[in-house]
Amino acid sequence: MSIPVSRTKNLFRTFLTVIFSVAVTLAAVGLWRFLPGHGQQHGTAANNGEQQKGPDETAAPGVASPDERKILYWRAPMDPTEIYDKPGKSKMGMDLVPVYADQATGGEQVKIDPVTQQNMGVRVRLAEMAPLRKTITTYGNVTYNETKITDINSKFDGWLEKIHVAYTGQMVTAGEPLFDIYSPALVSAQEEFLVARRALGAMQGNSGDDLLASARRRLANWDVPLDQIATVERTGTVQKTLTMRSPVNGTVIVKKGEKGTAIKAGATVFRIADLGTVWVEAHIYEYEIPWITVGQKARMTLPSQPGKVYTSEVSYIYPYVATKTRDVVARLVFDNPDLQLKPEMYGDITIEVDLQREGLVIPSEAVIRTGKRDLVFIAGGEGNFTPREVTLGLSLGDGRQQVLAGLVADEAVVTSGQFLLDSESKLREAVQKMIEIKSGKQQQEEKEADDFFKDMN
1404 MSIPVSRTKN
1414 LFRTFLTVIF
1424 SVAVTLAAVG
1434 LWRFLPGHGQ
1444 QHGTAANNGE
1454 QQKGPDETAA
1464 PGVASPDERK
1474 ILYWRAPMDP
1484 TEIYDKPGKS
1494 KMGMDLVPVY
1504 ADQATGGEQV
1514 KIDPVTQQNM
1524 GVRVRLAEMA
1534 PLRKTITTYG
1544 NVTYNETKIT
1554 DINSKFDGWL
1564 EKIHVAYTGQ
1574 MVTAGEPLFD
1584 IYSPALVSAQ
1594 EEFLVARRAL
1604 GAMQGNSGDD
1614 LLASARRRLA
1624 NWDVPLDQIA
1634 TVERTGTVQK
1644 TLTMRSPVNG
1654 TVIVKKGEKG
1664 TAIKAGATVF
1674 RIADLGTVWV
1684 EAHIYEYEIP
1694 WITVGQKARM
1704 TLPSQPGKVY
1714 TSEVSYIYPY
1724 VATKTRDVVA
1734 RLVFDNPDLQ
1744 LKPEMYGDIT
1754 IEVDLQREGL
1764 VIPSEAVIRT
1774 GKRDLVFIAG
1784 GEGNFTPREV
1794 TLGLSLGDGR
1804 QQVLAGLVAD
1814 EAVVTSGQFL
1824 LDSESKLREA
1834 VQKMIEIKSG
1844 KQQQEEKEAD
1854 DFFKDMN
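Position one of the sequence shown corresponds to residue 1404 (the numbering used here), numbered consecutively onward.
This is the structure we're talking about:
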């Protein structure tokens, strides 16, 4: 059976390629042995008859003996992020294992000389146990005190004859005239009252008194002032209009009528709000709802009044979440004697939450958030920095972050320059992987060459 010429050429070309690759590899290995500091030294040592030290002899310089190795922390054998500062038992009841300074894992260790550290602006802070006090910062809008809003209306149909309050926003005091109203029903009620008054002398017994009292009560139920009823009774003359007066001190916030306007019974003509106290609605986001309770101290500042701080406390928390804003409103009550707090103003709200316990705390700026995990850099001394994964707890809102696992108290974490350290660590890790890949590829080529020669033999 004959082999095609084209296939023979391809086999011969492949054979020459393999031979050339093997020759280049062997030549490179031979040259490497003669480079200074590599194979030449090993060869000289062998020719001079030097012996390698056995396992029982003194360790190489720079490597600490087991008794001298520094323990950084203790961790659970089943959970590397469960870290303690002294030996004991893990949450699963297992003995904790020590982690030495030369074993610290979590990423590629970086060593930086002091001058470079200064140029990079590296700063460190110690992780510490501290009381957990969370600061909630949000916004709030000033609104009216709903318990101090009064609607002024008429209990009968009529027409506005005169308006005493000219515009919305005008301040009024209790007893001040608001408007005069004419009503046929009111005129008829006054006439009935006068008829009952004149008939009182002609009627015997208590019937006349009852009739007069009934007519007087009808006028009073229509909010006719007692002094005006007395004037009608004294003069015997019907008053064409009734003057409606303000029952409270406050500010007119709604005005729905002008001279000559016809109004229906119950229709609001004026709305008066007492601005001596105001409400502020602080908007609390859903993830912060568990930390808000009635009675907590709160502070408010306004952009229009720099430097001035208003203090209050949470008086009420609304029992529902707003559909559009997805938050819960917490009500604050502020005294407003000088009327500096005006409805619809916006202010910055700060609420202090004392969680009544301690926790491990570090600066928030020390944390590198990658999206999948959270890292901090540990300063190990002598310019050594090691990245370590941590489990975060509460964000305390004042530049501090609680750490649940991954750190122990008094460990130094990098708070400035950690992103440059992270870049350096990733670069070294990438270079190491490239070297490993290249070494593995070279070993694979050598293996293929060995297999080829075995097949030839």
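The beta carbon of each residue, even a glycine, is placed where N, CA and C say it ideally should be.
- Within the same chain, Cβ atoms closer than 6 Å to the Cβ of Thr1553 are found at Val1651 and Ile1675, the five residues on either side in sequence being excluded.
- Spanning the alpha carbons of Arg1772 and Ala1725 requires a straight line of approximately 31 Å.
- The alpha-carbon separation between Ile1474 and Leu1535 amounts to approximately 28 Å.
- Secondary structure at Tyr1547: strand, using DSSP grouped into helix, strand and coil.
- Listed in chain order, the beta strand (DSSP E) elements of length 3 or more contained wholly in the region 1517-1581 are 1526-1529, 1531-1547, 1552-1556 and 1561-1566.
- Less than 8 Å divides the Cβ of Ala1815 from the Cβ of Ile1781.
- Judged by DSSP in its simplified three-state form, Thr1704 adopts strand.
- In terms of CA proximity to Ile1584, Met1647 leads the group Met1647, Trp1682, Lys1658 and Ser1707.
- Counting along the chain, Ala1808 sits inside no alpha helix (DSSP H); it lies in the beta strand (DSSP E) bounded by residues Arg1803 to Ala1808.
- For the pair Trp1694 and Lys1537, the CB atoms are nearer than the 8 Å cut-off.
- In summary, Arg1619 is buried, with 16 or more beta-carbon neighbours lying within 10 Å of its beta-carbon over all protein chains present.
- Annotation: the continuous beta strand (DSSP E) that includes Leu1797 extends over Asn1787 to Ser1798.
- Bounds of the beta strand (DSSP E) holding Thr1818 are Ala1815 to Ser1819.
- Annotated three-state conformation of Gln1642 is coil, per DSSP.
- Beta-bridge partners assigned by DSSP to Glu1594: none are found.
- Non-local C-beta neighbours of Leu1603 in its own chain, meaning closer than 8 Å and more than five positions away in sequence, comprise Gly1611, Asp1612, Leu1614 and Leu1615, ordered along the chain.
- Each of Asp1677, Glu1595, Gly1820 and Leu1810 was checked against the Cα of Glu1485, and the nearest Cα belongs to Leu1810.
- Between the region 1713-1722 and the region 1660-1670, the count of Cβ pairs shorter than 8 Å is below three; the stretches do not touch.
- Counting C-beta pairs closer than 8 Å gives fewer than three between the region 1696-1707 and the region 1580-1594, which falls short of the contact rule.
- By the CB criterion at 8 Å, Asp1560 and Ala1588 fall inside the cutoff.
- With 16 or more other Cβ atoms from the protein chains shown falling within 10 Å of its own Cβ, Thr1789 counts as buried.
- Less than 8 Å separates the beta-carbon of Ile1666 from that of Val1672.
- The alpha-carbon separation between Leu1499 and Asp1516 amounts to approximately 34 Å.
- Here the alpha carbon of Gly1572 sits roughly 22 Å from the alpha carbon of Val1736.
- Boundaries of the beta strand (DSSP E) harbouring Gly1783: Asp1777 to Gly1784, taken from the DSSP string.
- Within its own chain, the residues whose Cβ lies closer than 7 Å to the Cβ of Glu1579, once the five positions on either side in sequence are excluded, are Arg1648 and Ser1649, listed in chain order.
- Within the same chain, Cβ atoms closer than 8 Å to the Cβ of Met1481 are found at Ser1493, Met1495 and Met1497, the five residues on either side in sequence being excluded.
- According to the DSSP secondary-structure assignment, Met1647 is paired through a beta bridge with Phe1582.
- Straight across, the Cα-Cα distance linking Tyr1542 with Ile1566 is about 40 Å.
- Considering only Gly1800, Leu1563 and Pro1706, the residue with the shortest C-alpha distance to Asp1757 is Gly1800.
- Listed in chain order, the non-local C-beta contacts of Met1748 below 6 Å within the same chain comprise Val1545, local neighbours out to five positions each way being set aside.
- With contacts defined as CB atoms closer than 8 Å, Val1641 and Val1568 fail to qualify as a contacting pair.
- Between Val1518 and Thr1818, the C-beta spacing is not below 8 Å.
- Rounded to whole angstroms, the Cβ separation of Pro1746 and Arg1803 is 36 Å, and the two are not in contact under 8 Å.
- Leu1529 and Leu1763 have their C-alpha atoms some 10 Å from each other.
- In the three-state reduction of the DSSP assignment, Ile1695 falls in the coil class, being assigned neither a helical nor a strand state.
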